[in-house]
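K.L.:
Mind having a look at this structure? Questions to follow.
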Ligand code: AMP
C-alpha cells in the first residue's frame, strides 16, 4: 500500500476530519437495523482517541438529494456510536452551518463531533470547491475511512484533500491491502467466482480479472448469456441477447490468456421462482423451452468446489443462483461454505455474497469481507478510485 495511513503521521492532539461510511440501514422509526458499518469504523476512531485527537466525523446516509430531511439525519448514528464507544458523541445540527462550525471550533482533545448528513448539501456530490474548503477549514488533517464511497469524487471524499493533508484510516487501509494484494500480487492459483444477475454489470470486472486470475468460475443469471452465446437454448432463463458477442469475446480472451473459464455444467430449472414450485436439474445444454434456470446443479457445485479447494487466493462476488428463494440457494450456500473452508486468502464482496456467507455462519472464516459494494467492484475492474488517489503517497 503506497498511501499514507494514520500510522504515518503525527496526530497528537490534532483536529482531524474523518470521512466514515455510516450509511446504515434503518427501519421506518429510524432504528438502526444493522450497525456493522459503525462497528467497522471503531478501530480508527479508537486510535484517534488514543492520540488525543479532536475528532470530527462525517458521513452520508441515503440519498436526501441536497436538502435536510429528518429521515436521513445521522442522529441515530451518534447515539449508537456513543453506546459502542462508551462516551458522548456531540451531534451537530448541520454540516457547515453555524452550529457545526461552532462545535468544531470548541472541540477539545478526546472529544468527538458528528456532523449532519453531508448529502444535505448538493455541493457534496458536486465536489464543490467552496464546500470542500469549508469542510477542510474545520480541521488540520483529513482521514478517509469510507471505502464504500471511495469510487465517488465528492467533497468529503476527495475535494477536501485539496486543502488538507490526507491519509487513510484502518478500514480503508485494510480494503486497499486485501483487494490490492489479490489483484497485483496474489498467491496462486488465484481464482475468481462471479455470479449475479447480469453480465452487463460485471463486464469490466471479468475483463480485468482475465488478465489476473488462473481460473474464473461463472454462475448465477449471467451464466445463461454465456451458454446461449455458445449456441445452446436457455429457455426462459435470464439472458442478455445483446451481450452474446461480448460473452464469446470473453471466452476467447480466457483462451488467449490461458485462463480456465468454467461455466455451469448443469442447472436447476423451474417454471416460476417460488419456493414450492416443481424443479429439476438438467444439463445446461438441454434446458427446455418454458423452463428457467435458477441455480447451478450438483455437478457444477462439485466441479467448482474442486477448483476452490486448489486455490490459494479466492475472490467471490455475486450469488450463483436466485438465492432469495431457498430451493435455489443451494449453489450459493455450498460455494459460501467451500470458500470458507478453503486453505486460501478469501475475499468476498457484494451484498448478496456477504449475506450468503453470514447465512452459512462462516463469516469468521473469510479473510476479508469487503464493505464497499460499488467501490470493490470498481477496484476489481482495475479502475483508480478517486477517494484513494486523493490520499498522500507514502514517499
Ligand atoms: P447482482 O446484483 O448482479 O450481483 O445480482 C444479484 C441478483 O441476481 C440476486 O438477487 C439473485 O437472486 C439474482 N440471480 C442470481 N442468479 C439468478 C438466476 N439464475 N436467475 C435470476 N436471477 C438470478
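Residue numbers (my numbering): -3 to 391. All C-beta atoms in this analysis are idealised placements derived from N, C-alpha and C, irrespective of residue type, glycine included.
(1) On the CB-based measure, 16 or more other CB atoms within 10 Å of its CB, does residue 262 come out buried or exposed?
(2) Who are the near neighbours of residue 127 in its chain, counting only those whose CB is closer than 8 Å to its CB and skipping five residues on each side?
(3) Examine the Cβ distances between the segment 276 to 285 and the segment 310 to 329 and report whether three or more of them are shorter than 8 Å.
(4) Name, in chain order, the residues that DSSP records as bridge partners for residue 276.
(5) Return the residue from the list 234, 182, 197 and 194 that minimises the CA-CA distance to residue 211.
(6) Starting from residue 167, trace the alpha helix (DSSP H) in both directions and tell me its first and last residue.
(7) Mind checking whether residue 184 and residue 305 have CB atoms under 8 Å apart?
(8) Confirm, please, whether the CB-CB distance from residue 217 to residue 392 is below 8 Å.
(9) Can you grab the Cα-Cα spacing for the pair residue 63 / residue 247, in whole Å?
(10) Taking the alpha-carbon positions, what's the residue 53 to residue 72 distance?
(11) For residue 142, which of 159, 380 and 169 has the nearest alpha-carbon?
(12) What whole-angstrom Cβ distance do residue 51 and residue 108 have, given they're in contact under 8 Å?
(13) If we call anything under 8 Å between Cβ atoms a contact, is residue 179 one with residue 190?
(14) Quick check: residue 257 and residue 214, are their CB atoms within less than 8 Å of each other?
(15) What first and last residue would you give for the alpha helix (DSSP H) that runs through residue 289?
(16) If you count every other CB in all the chains shown that lies within 10 Å of the CB of residue 112, and 16 or more means buried, which is it?
(17) Along the beta strand (DSSP E) that carries residue 15, what are the first and last residues, could you check?
(18) Can at least three beta-carbon pairs, one atom from the segment 344 to 351 and one from the segment 314 to 330, be found at a separation below 8 Å?
(19) Indicate whether the contact test is met: 3 or more Cβ pairs, each with one atom in the segment 295 to 303 and one in the segment 354 to 361, closer than 8 Å.
(20) Taking the alpha helix (DSSP H) that residue 309 belongs to, which residues open and close that run?
(21) Whose C-beta lies closer than 7 Å to the C-beta of residue 239 among residues of the same chain, with five residues either side of it excluded?
(22) What residues in its chain sit with their C-beta under 6 Å from that of residue 342, if we drop five residues either side in the sequence?
(23) Quick check: is any heavy atom of the ligand AMP less than 7 Å from the C-beta of residue 318?
(24) Only counting runs of 4 or more residues, tell me where the alpha helix (DSSP H) segments fall wholly within the segment 340 to 373, in order along the chain.
(25) Check the DSSP bridge columns for residue 52 and list the partner residues they point to.
(26) Three or more C-beta pairs under 8 Å: does that hold for the segment 170 to 177 against the segment 73 to 82?
(27) Start and end of the alpha helix (DSSP H) containing residue 256?
(28) Quick one: is the Cβ of residue 199 within less than 7 Å of any heavy atom of the ligand AMP?
(29) Just verifying my parser: in three-state terms, what is the DSSP assignment at residue 127?
(30) Whose C-beta lies closer than 7 Å to the C-beta of residue 22 among residues of the same chain, with five residues either side of it excluded?
(31) Where does residue 299 fall in DSSP's three states?
(32) Bridge partners for residue 140 per DSSP, in chain order?
(33) Could you have a look at residue 1 and say whether DSSP puts it in helix, strand or coil?
(34) Tell me which residue opens and which closes the beta strand (DSSP E) that residue 190 is part of.
(35) Go ahead and pull the three-state DSSP assignment for residue 90.
(36) Can you tell me where the alpha helix (DSSP H) with residue 202 in it begins and where it stops?
P.N.:
Checking against the coordinates, here is how it stands:
(1) In the chain shown, residue 262 corresponds to position 266, counting from 1. Answer is buried; the Cβ neighbour count reaches 16.
(2) As a working note, residue 127 is residue 131 in the chain shown. Hits under 8 Å: 92, 117, 119, 120, 151 and 155.
(3) Counting Cβ pairs under 8 Å, fewer than three are found: no touch.
(4) Here residue 276 is taken as the residue at index 280 of the chain shown, counted from 1. 265, per the DSSP bridge assignment.
(5) If you number the chain shown from 1, residue 211 lands on position 215. That would be 182, whose Cα lies nearest to the Cα of residue 211.
(6) For the purposes of this step, residue 167 is taken as residue 171 along the chain shown, with counting starting at 1. Segment 166 to 180, the alpha helix (DSSP H) holding residue 167.
(7) On the chain shown, residue 184 is found 188 positions in, with the first residue counted as 1. On the chain shown, residue 305 is found 309 positions in, with the first residue counted as 1. In this structure, residue 305 does not lie closer than 8 Å to residue 184 by Cβ.
(8) For the chain, the structure presents residues -3 to 391; residue 392 sits outside this window and is missing.
(9) Start at 1 with the first residue of the chain shown, and residue 63 comes out as number 67. Start at 1 with the first residue of the chain shown, and residue 247 comes out as number 251. When rounded, the distance between both Cα atoms is 47 Å.
(10) By one-based count along the chain shown, residue 53 stands at place 57. By one-based count along the chain shown, residue 72 stands at place 76. If you draw a straight line from the Cα of residue 53 to the Cα of residue 72, it is about 14 Å long.
(11) By 1-based counting over the chain shown, the position of residue 142 is 146. Comparing Cα positions, the closest option is 169.
(12) Counting from 1 along the chain shown, the entry for residue 51 is found at position 55. Counting from 1 along the chain shown, the entry for residue 108 is found at position 112. At roughly 5 Å, the Cβ-Cβ gap stays under 8 Å, so residue 51 and residue 108 are in contact.
(13) The residue labelled residue 179 in the question sits at position 183 within the chain shown. The residue labelled residue 190 in the question sits at position 194 within the chain shown. With contacts defined as CB atoms closer than 8 Å, residue 179 and residue 190 fail to qualify as a contacting pair.
(14) Here the question's residue 257 lines up with position 261 in the chain shown. Here the question's residue 214 lines up with position 218 in the chain shown. Yes, Cβ-Cβ distance for residue 257 and residue 214 is below 8 Å.
(15) What you label residue 289 is simply residue 293 of the chain shown in a count that begins at 1. No alpha helix (DSSP H) holds residue 289; the beta strand (DSSP E) holding it covers 288 to 292.
(16) For the purposes of this step, residue 112 is taken as the residue at position 116 of the chain shown. Under this definition residue 112 is a buried residue.
(17) Within the chain shown, numbered from 1, the residue matching residue 15 stands at position 19. Residues 11 to 15.
(18) yes
(19) no
(20) The residue labelled residue 309 in the question sits at position 313 within the chain shown. For residue 309, no alpha helix (DSSP H) run applies; the uninterrupted beta strand (DSSP E) run containing it begins and ends at 309 to 313, by DSSP.
(21) Within the chain shown, the letter at position 243 stands for residue 239. So the qualifying residues of the chain are 195, 196 and 221.
(22) For the purposes of this step, residue 342 is taken as the residue at position 346 of the chain shown. Cβ neighbours of residue 342 beyond the five flanking positions: 310, 335, 362 and 363.
(23) Within the chain shown, residue 318 is the residue found at index 322, counting from 1. Result yes, Cβ under 7 Å from the ligand AMP.
(24) 347 to 355
(25) Here residue 52 refers to the residue found at position 56 when the chain shown is read from its first residue. DSSP lists 13 and 109 as partners of residue 52.
(26) no
(27) The count along the chain shown starts at 1 and reaches residue 256 at position 260. Residue 256 -> not in any alpha helix (DSSP H); beta strand (DSSP E) instead, spanning 256 to 258.
(28) Within the chain shown, residue 199 is the residue found at index 203, counting from 1. The answer is no for residue 199.
(29) Your numbering for residue 127 matches position 131 in the chain shown. Correct three-state label for residue 127: helix.
(30) Here residue 22 refers to the residue found at position 26 of the chain shown. Once the five neighbours on either side are set aside, the close Cβ partners of residue 22 are 28, 29 and 72.
(31) In the chain shown, the residue the question calls residue 299 occupies position 303. The DSSP-derived three-state label of residue 299 is helix.
(32) Position 144 of the chain shown, counted from the first residue, corresponds to residue 140. DSSP lists 15 and 164 as partners of residue 140.
(33) Residue 1 sits at position 5 when you count from the first residue of the chain shown. Of the three classes helix, strand and coil, the one that applies to residue 1 here is strand, per DSSP.
(34) Within the chain shown, the letter at position 194 stands for residue 190. Where residue 190 is concerned, the enclosing beta strand (DSSP E) stretches over 186 to 190.
(35) Looking up residue 90 in the chain shown gives position 94. In this structure, residue 90 counts as coil in the three-state DSSP scheme.
(36) In the chain shown, the residue the question calls residue 202 occupies position 206. 199 to 206 is the extent of the alpha helix (DSSP H) around residue 202.
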